[in-house]
Amino acid sequence: MSPATGDKSDGVGRTKRGDQSMQLLRRPLAALTTLMLACLTYGGAALAQAPRPWEMGMQPAFSPVKQRIIELHDLVLVIITLITLFVAGLLAWVMYRYNAKRNPVPGRASHNTILEVAWTVLPVLILVVIAIPSFRLIYYQDRTPNPDLTVKVTAHQWYWEYSYPDQGNIDIESRYIHDEDLKPGQLRLLEVDNQLVIPVGKNIRILTGSTDVIHSFFIPSLGVQRYAIPGRTIETWVRADKPGVYYGECNQICGQDHSRMPIAVHAVPEAEFTAWVEQAKKSASAAPQPQAAARLQTAAVEVVPQGAPTGSEQEIRQ
Ligand SMILES: [Cu+2]
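Numbering (our numbering), first residue to last: 4 to 321.
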């Protein structure tokens, strides 16, 4: 490119190239501002927990299970980092010390008993060190021995249904908010019309099921991830440490609107939860939902052949 075309002056001493470098600077500055705003928005404890711009690690923990997941992750990260550095160091040493120039006559040794025992036993020991906390965590997040509350989570193409068998079978359906209906500050494809309300600090038993295909109930900041499978009931549990809204998504590819079945868990103090239950009971008796109740009863055993439209699909199509 000639200077005449690439470096035109605008008459006040600034050049086009100068403008370009300003523009190059502007992008990182804008990103930094977005990041700072995001930190201000989400940084406080117990606000909305959702994915953030430029997020590198996992979402922070707001449940004991998530806390343990992060601890296991950190342990394994240290171990694999040490192994990677060790192997990379060995490789560099071999390339430096034993290349053809420095080592023209290769050695003829083919066995070393101590080394062979060591490189078999050490990896086994490392795997045992990883396996012990892994199995502990699997059993810990599997179920809670003394649940304070049970919530049945039923997945549909493409929305969630939450019912509370211990609270008079309250049954609510939870759907995403369409882009055009989003209010300022609401998160696109994460906000829902009816949140899953739970009391804070209580052990909640979660039972997942599905009426059509395999979905997955996934809330990163609470450390919950369970398949929702037709014809099966799968158990897990959660305890939210702080009040707040915790966002998640179906993370099992389940059809064309897979990306449109978000989860919003609203953890509230117990008194607020009791009030919500009363309110939900009242509105349920005011407007009974026989269809939803019937679906709930059959959710655990209903298997829909693949390709056959389900009741919920038909509703959506109408
Ligand atoms: Cu799904």
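Cβ atoms here follow ideal geometry from the backbone N, Cα and C, with glycine treated the same way.
Give me, in chain order, the residues of the same chain whose beta-carbon lies closer than 6 angstroms to that of alanine 158; leave out the 5 immediate sequence neighbours on both sides. Within the same chain, alanine 158 has close Cβ partners Ser213, His218, Ala231.
Range covered by the beta strand (DSSP E) that runs through tryptophan 163: Per DSSP, tryptophan 163 belongs to the beta strand (DSSP E) from 162-167.
Glutamine 255 Cβ short of 7 angstroms to ligand 1 heavy atom set: Checking the Cβ of glutamine 255 against ligand 1 gives yes.
For ligand 1, is there a heavy atom less than 7 angstroms away from the beta-carbon of alanine 267? No, since every heavy atom of ligand 1 falls outside the 7 angstroms radius drawn around the Cβ of alanine 267.
Judging by CA-CA distance, which residue of Met59, Thr153, Ala267 is the nearest neighbour of arginine 191? Among Met59, Thr153, Ala267, the Cα nearest to that of arginine 191 is on Ala267.
Whose C-beta lies closer than 7 angstroms to the C-beta of lysine 69 among residues of the same chain, with five residues either side of it excluded? Scanning its chain for C-beta atoms nearer than 7 angstroms, with the 5 sequence neighbours on each side dropped, one finds around lysine 69 the residues Ser224, Leu225, Gly226, in chain order.
Residues near arginine 178 by beta carbon distance below 7 angstroms, same chain, minus five either side: Counting only Cβ-Cβ distances below 7 angstroms, and skipping sequence neighbours, we find Tyr162, Val195, Asp196.
Just to confirm the assignment, what range does the alpha helix (DSSP H) spanning histidine 76 have? Counting along the chain, the alpha helix (DSSP H) containing histidine 76 begins and ends at 67-100.
Arginine 242 and lysine 205 - do their beta-carbons sit closer together than 8 angstroms? Their beta carbons are under 8 angstroms apart, which means lysine 205 touches arginine 242 by this criterion.
Could you check whether the Cβ of alanine 158 sits closer than 7 angstroms to any heavy atom belonging to ligand 1? Shortest gap from the CB of alanine 158 to any heavy atom of ligand 1: under 7 angstroms.
Short of 8 angstroms in beta carbon distance, which residues of its chain neighbour isoleucine 82, apart from the five on each side in sequence? Order them along the chain. Within the same chain, isoleucine 82 has close Cβ partners Ile129, Val132, Ile133.
Could you check where the alpha helix (DSSP H) with threonine 123 kicks off and where it finishes? Per DSSP, the continuous alpha helix (DSSP H) segment holding threonine 123 begins and ends at 116-145.
Ligand 1 and methionine 59: does any heavy atom of the ligand fall closer than 7 angstroms to the residue's C-beta? No, Cβ of methionine 59 sits at least 7 angstroms from all heavy atoms of ligand 1.
Report all residues from its chain with a CB closer than 6 angstroms to the CB of alanine 1; omit the five preceding and five following residues, and keep chain order. The structure shown does not extend to residue 1, since the chain is modelled only from 4 to 321, so the question has no answer here.
So is the beta-carbon of tryptophan 161 under 7 angstroms away from any non-hydrogen atom of ligand 3? Among the ligands in the structure shown, ligand 3 does not appear; only ligand 1 can be found there.
One question on the structure: do valine 216 and histidine 269 come within less than 8 angstroms of each other, judged by their Cβ atoms? Cβ distance not < 8 angstroms, so valine 216 and histidine 269 don't count as in contact.
Nearest-angstrom Cα separation, counted from aspartate 151 out to isoleucine 72: Taking the straight line from one Cα to the other gives about 23 angstroms.
Are there any heavy atoms of ligand 1 lying less than 7 angstroms away from the beta-carbon of histidine 218, as far as the coordinates show? Of the heavy atoms belonging to ligand 1, at least one sits nearer than 7 angstroms to the Cβ of histidine 218.
Assigned secondary structure, proline 233 (DSSP; H/G/I helix, E/B strand, else coil): In the structure shown, proline 233 sits in a strand (DSSP, three-state: E or B).
Going by CA-CA distance only, name the one from Phe220, Asn254, Ala121, Arg208 that's closest to aspartate 169. When each option's Cα is compared against that of aspartate 169, the closest is Arg208.
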